[in-house]
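Enquirer: Residue numbers (our numbering), protein chains in the order written: chain H, 16 to 605; chain B, 1185 to 1527; chain S, -9 to 103.
Yeah, the Cβ is synthetic: ideal placement off N, Cα and C, and Gly gets one too.
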Amino acid sequence: MNPTPFDIFVLPFTVGMSLLFAYLILKYASWIWYFDRDDKLRILRGLFSLKSLKAVKEIFLESLVHRKMFLVNRRLGYMHFSLAFGWFLLIVIGAFEAHIYMGGAAPFYFPIFFVYFVPDDESFFFARGFVQLMDASLLLVLLGVVVAIIKRFYKRIVGMRSTTNLRLRDKMVLYSLWLIFPLRLFAESATCGLHGSGGFLTGTVGSLMAATLPLEAIEYPLWWAYSIDLCLFFIGLPFSRYMHIPTEMVLIFFRNWGIKLKPDNPILEEVMVLSCPRCGVCIDRCQLNTAVGNHDTQAVYFLQRIRNHEQHSAQAKNCLMCGRCESVCPVGIDLNAIRLRHRQNFTPETFVPQYNNADAQKVDVVFFTGCMGHLVPKTKDAMVKILNASGDRYWFMDADGGICCGRPMKLAGQTAAAQKLMDKNRQSIIESGARTLVTSCPICYKVFREDYNLEGIEILHHTEYIKRLIDSGKIKVDKKNLAVAYHDPCELGRGAGIYEPPRDVLGSVATLQTTANERKNSLCCGGSLANLTLPSADKARIAEQAMCSLTANHPDVVATACPLCKKTLARTQMAPVEDVAELVAEAMKE
Amino acid sequence: MIMQQKNIAIIGGGPAGIEAAASLAGLGHHVWLIEKESELGGHLRLMYNLFPDKRPADEVLQEMLSHVKNPNIEILTNTQVADCKQIDNRFALKTDSGQTIDADAVLMATGYRLFDAVRKEEYGYGIYPGVINSFELEAMLKNNALKNVKGEVPRRVILLHCIGSRDEKVGNHYCSKVCCVTAVKQAIEIKRRHPETEVFCFYMDIRMFGPYYEELYREAQEKWKVTFVRGKISEAAANLDGEIQIKAEDTLIGKPLHMRTDLLVLMCGMEADTDEPVARALGIERGANRFFRSADNYTRYNSTNLPGVFTAGACTAPMNIIDTIANARAAAISIHEYLGGRN
Amino acid sequence: MWGFKIAKSQSINYDRNDKEIMRTVLENEPSLRVCMACGACTATCSAGNLLPTFNIRRLNTLLQRGEYTQLRNELNNCMLCGKCTLVCPRGVNIRNIVLNTREALMKYESDTI
């Protein structure tokens, strides 16, 4: 047992760290306190289950290794990885080193300042190994810091066209973070230089410092500076973006325990907002940035405004909800759901629908084309032809127009009103006695699947339905000599996970090309009903961007599976645009 | 002083090209009149009669063509310009048949492209046989074969104005000017032949810009009992009989209006021919509406950004026949001046 | 007394009408200014086809004259499906006008009560 080492310079660190811990414990407790009963039960049930282990694994992979960020942007991923994982190694290895040295309990500041208190004792277990490991970890962090500093000034070095803008407060904390590791390096190296000890890094830097600097005079102030800087960072952390570090881990636990974002409970949203590390991956994914030049509405800025209690209703409305940002967010924040939450209560919910659907017909299949379907008669007629050939008894529910599916209202934040529309449609669908509901519109499709509660009725997008008809031989098609590029509608692809059925169908009637942006990475056409404010000319710009990518290999036809996408893309006149159903109808054998 | 004979290449043998060729030849110049089709006349060949006097289009065309029977005019039909270069202040043109033309000036008289109504899918053009465009109606009138899809005289015809004009959804903010009066002319022609057929014009604004046009509009209402409804049709669908069901708003009443019709005629507007090869090769500037940009809209209407390159007719803006003829003559004078005809 | 009474004027008194809501909406969605009243929105309207008394083009015109009574009663019939915006030849964001008008009416009413 060694005597407990102490020096007054450890106090700033100790105070800062204690305050941070106290703050975090209160914060975590308050979140759990404000969860509703169901969520509290979920936490209780989840705490000692496998879910917690899964969360730990996820924390390791995402918060430390930054796996997802690596997948999106390798250099940015490396920066976050080396900072987070390197620091994690410093803490863990340092703790082992200190506790082995002490033979058990060590005060919690001790591992941090270990080199100062134990500059050249190599008598304990694995002492030389620890020195080298600690140096290697420090080097890893320092390399990350170098990339971070360069990124701040030359963002393209990490392959980003845009990086986040910072407030003064964030800058102060950012600089204190940058300083921590160089200060640690110089403080440790000074001590090592004085004692002729240290690993490959601190030893080398130490002997260089010993040769050029009056180490006796500067060693002690360097340790003070290191301690004070840590203190500043810890005190500033809860008020800066670095709050994401202790929050993201909690979010991962909550998510694994099954807690979901609800319109009426703001707690999980707060956790998500604080979890955003502002890596900025969402900025370059956003077509409002790349096609329209908006630098104010991307997820990172929107969350920042919520966090800072700044005006954000314009940002809440100006979003395509295409899901491109959400699909790559390394933290997995429910960006669309948060956006939608902030659209609530713009308007009174006094809506009473004063209209009804046509009387239901008793059938096997209900076909719902959707509002926009009436503006693309070629698609509508193709579906009628296919349905007639299918042999199924069907009812074209909105042949003469009908009640909207309700999703456009939901997207505008009018959940209660939307529910009233849904109830009317639901009643008509159930009255028909059908077992299958087919729709041409991905917007309708998503809401039918997620909100309609149609037990016993299978909900199919027309591409899924057509695939079945082809697979079962109910309709026969000829493969035509036609090169087709397929545009994934956001609501059907990222929104509902339907990527393959339209491709399978197209494969049997034409030759499908691959495009640069497809499936999860497909571009939005710009016509999105989710964006409440985007001007018509800007929508056209986004459509052009999507069409540039789709027509890169000069297809004969651009195919899609959404009436809104079709109209929006056709407007560009860059290639003929047809719905998958139209290509099938044209390829059908009579 | 007798001016040396100059050579002018006119691209396009429609009304503008024909009239400019006649004028320039009359001024003593040598003209190549280059037409990609097998005959001169352009869109005028497709017309039955012309507003406001209802004079037969063929008669007008024949009179114009009689002016180009001139030894100074070389007519090249079935000919397209494959290549065009400006060398100093001369123009070297090469046709697809291999002929080379050395010109002192070029006159673009390339006309317009009819808006392709397929781009307004909601009206069902190209999907439902009962939906036709204004040139197809004109052809029916010319061939005396106005029929619905069942081959009968239609009981009702709706003419819908502003297809592809004043519509930012197809990228055309401008008014095509002639479609309103064309609709009135065609409505009268239908009623003159088939008084029992009901004819409706659905319009946003009625723009009767020329002399005797407003009178024609009044005649359509008063004498021929054509009905005018103020409202743009939003969509059309066919029923099993091939009848077309339209949806509109009668904006003067403020109520949605549904109506069935045998024929829905889309009054398609004019668009610039942006693929025209000579303009591409020379780099003639276009305006926001994609028609050729005038050097000055007031004083140098027929001049372009390039000295020696002039424009006439509907390649500069939507234009009727009367204005096209006047515009072509103005272009001829502008070219004559450019070539030193007036010092 | 005379067996009849003087009817309240049915004309739009533009000078007396309150223009606050109109101004707010036009500021938030200036595209309304380019409406040329073609009626394509009303023609295509999903709600209007089921409920012919609901006329979105007319309501937007009333808004621009400061006549809010009908707006208050009828605007809620809109299903926000966005078809009107898709067909508008002038690119007016009609759906956003409906949202903004509802918001402005609600705010105006809560301010005046």
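Any beta carbon of chain B sitting closer than 8 Å to that of H389/H?
Expert: Cβ-Cβ to chain B under 8 Å: yes for H389/H.
Enquirer: My understanding is that A375/H touches E446/H, with C-beta atoms under 8 Å, so please give their C-beta distance in whole angstroms.
Expert: Confirmed, Cβ separation roughly 4 Å.
Enquirer: Return yes when at least one heavy atom of the ligand NAP lies under 7 Å from the C-beta of A431/H, else no.
Expert: Within the structure as shown, the ligand NAP is missing, as the structure has no ligands at all.
Enquirer: Take T1534/B and list the residues in its own chain whose beta-carbon comes closer than 8 Å to its own, dropping the five residues that flank it on each side.
Expert: As displayed, chain B neither begins before 1185 nor continues past 1527, which places residue 1534/B out of reach and without an answer.
Enquirer: Taking the alpha-carbon positions, what's the G1198/B to C1499/B distance?
Expert: So the two alpha carbons sit approximately 11 Å from each other.
Enquirer: Compute the beta-carbon to beta-carbon distance between I1194/B and A1205/B, rounded to the nearest angstrom, for a pair I have assumed lies under 8 Å.
Expert: The Cβ separation is near 5 Å, so the contact holds.
Enquirer: DSSP three-state call for R116/H: helix, strand or coil?
Expert: It is worth fixing the name first, because residue 116/H is Tyr in this sequence and not Arg. In the structure shown, Y116/H sits in a helix (DSSP, three-state: H, G or I).
Enquirer: Mind checking which residues open and close the alpha helix (DSSP H) that includes H1520/B?
Expert: Its alpha helix (DSSP H) spans residues I1505 to Y1522.
Enquirer: When you compare only the Cα positions, how much space is there between V595/H and N468/H?
Expert: Approximately 28 Å, taken between the alpha carbons.
Enquirer: Just to make sure I have the definition right: I need the residues of chain S whose C-beta is within less than 7 Å of the C-beta of G1438/B. Which are they?
Expert: Those within 7 Å of G1438/B in chain S are N45 and R48.
Enquirer: Which of the three DSSP states, helix, strand or coil, is assigned to A552/H?
Expert: It is helical.
Enquirer: If you run the structure through DSSP and keep just helix, strand and coil, what is L95/S?
Expert: Helix at L95/S.
Enquirer: Please report the distance separating the alpha-carbon of M113/H from that of L91/H.
Expert: It is Ala, not Met, that sits at residue 113/H in the sequence shown. So the two alpha carbons sit approximately 33 Å from each other.
Enquirer: Output yes if chain H places a C-beta closer than 8 Å to the C-beta of N33/S; else output no.
Expert: It is worth fixing the name first, because residue 33/S is Ala in this sequence and not Asn. No, A33/S does not count as interfacial toward chain H.
Enquirer: Report the neighbours of R556/H on chain B: residues whose CB is nearer than 8 Å to its CB, in chain order.
Expert: The contacting residues do not exist; R556/H stays about 13 Å from chain B at best.
Enquirer: Can you find a C-beta in chain B that's less than 8 Å from the C-beta of K393/H?
Expert: So, interface residue.
Enquirer: Identify the contact partners of S551/H in chain C, using a Cβ-Cβ distance below 7 Å as the criterion.
Expert: No chain C appears in this structure, whose protein chains are H, B and S.
Enquirer: How about A1514/B and Y1482/B: do their beta carbons lie closer than 8 Å?
Expert: No, the Cβ-Cβ distance between A1514/B and Y1482/B is not below 8 Å.
Enquirer: Once you ignore the five residues that flank V286/H on each side, which residues in its own chain have a CB closer than 8 Å to its CB?
Expert: So the qualifying residues of the chain are W46, T262, V265, L266 and F269.
Enquirer: Go to N1317/B, then tell me how far its beta strand (DSSP E) extends in each direction, as first and last residue.
Expert: Note, N1317/B: beta strand (DSSP E), V1315 to N1317.
Enquirer: So, with DSSP's three-state summary, where would you put Q1270/B?
Expert: Residue state, collapsed to three classes: strand.
Enquirer: At what residues does the alpha helix (DSSP H) containing P457/H begin and finish?
Expert: Start and end: P457 to D466.
Enquirer: Which bits of chain B does D396/H rub up against, with CB to CB less than 7 Å?
Expert: Those within 7 Å of D396/H in chain B are I1311.
Enquirer: Give the straight-line distance between the Cα atoms of E203/H and F196/H, rounded to the nearest whole angstrom.
Expert: Approximately 10 Å, taken between the alpha carbons.
Enquirer: Can you look up T312/H in the DSSP assignment and give me helix, strand or coil?
Expert: T312/H falls in the coil class under three-state DSSP.
Enquirer: Please classify H259/H as buried or exposed, where buried requires at least 16 other C-beta atoms within 10 Å of its C-beta.
Expert: With 16 or more other Cβ atoms within 10 Å, it is buried.
Enquirer: Below 8 Å on the Cβ atoms is my guess for G1314/B versus N1327/B; work out the distance and round it to an integer in Å.
Expert: The Cβ separation is near 18 Å, so there is no contact.
Enquirer: What residue range is occupied by the uninterrupted beta strand (DSSP E) comprising N546/H?
Expert: From DSSP, N546/H is part of no beta strand (DSSP E); its letter is neither H nor E.
Enquirer: Is the distance from the Cβ of R256/H to the Cβ of R300/H below 8 Å?
Expert: For R256/H and R300/H, no; Cβs fall outside 8 Å.
Enquirer: Work out the CA separation of L484/H and N403/H for me, nearest whole Å.
Expert: About 12 Å.
Enquirer: For the beta strand (DSSP E) containing T227/H, name the first residue and the last one.
Expert: Where T227/H is concerned, there is no enclosing beta strand (DSSP E), although the alpha helix (DSSP H) it sits in stretches over T217 to T227.
Enquirer: Would you report the Cα separation of S36/S and G421/H, rounded to the nearest angstrom?
Expert: S36/S and G421/H: Cα-Cα distance of roughly 12 Å.
Enquirer: Just how far apart, CA to CA, sit Q560/H and Q319/H?
Expert: Distance between the alpha carbons of Q560/H and Q319/H is about 28 Å.
Enquirer: Tell me, please, which residues DSSP counts as bridged to R1340/B.
Expert: Answer is E1382/B.
Enquirer: Give the DSSP-derived three-state secondary structure of S242/H in the structure shown.
Expert: Correct three-state label for S242/H: helix.
Enquirer: Decide if Y4/S is buried, meaning its Cβ has at least 16 other Cβ atoms within 10 Å, or exposed.
Expert: Exposed.
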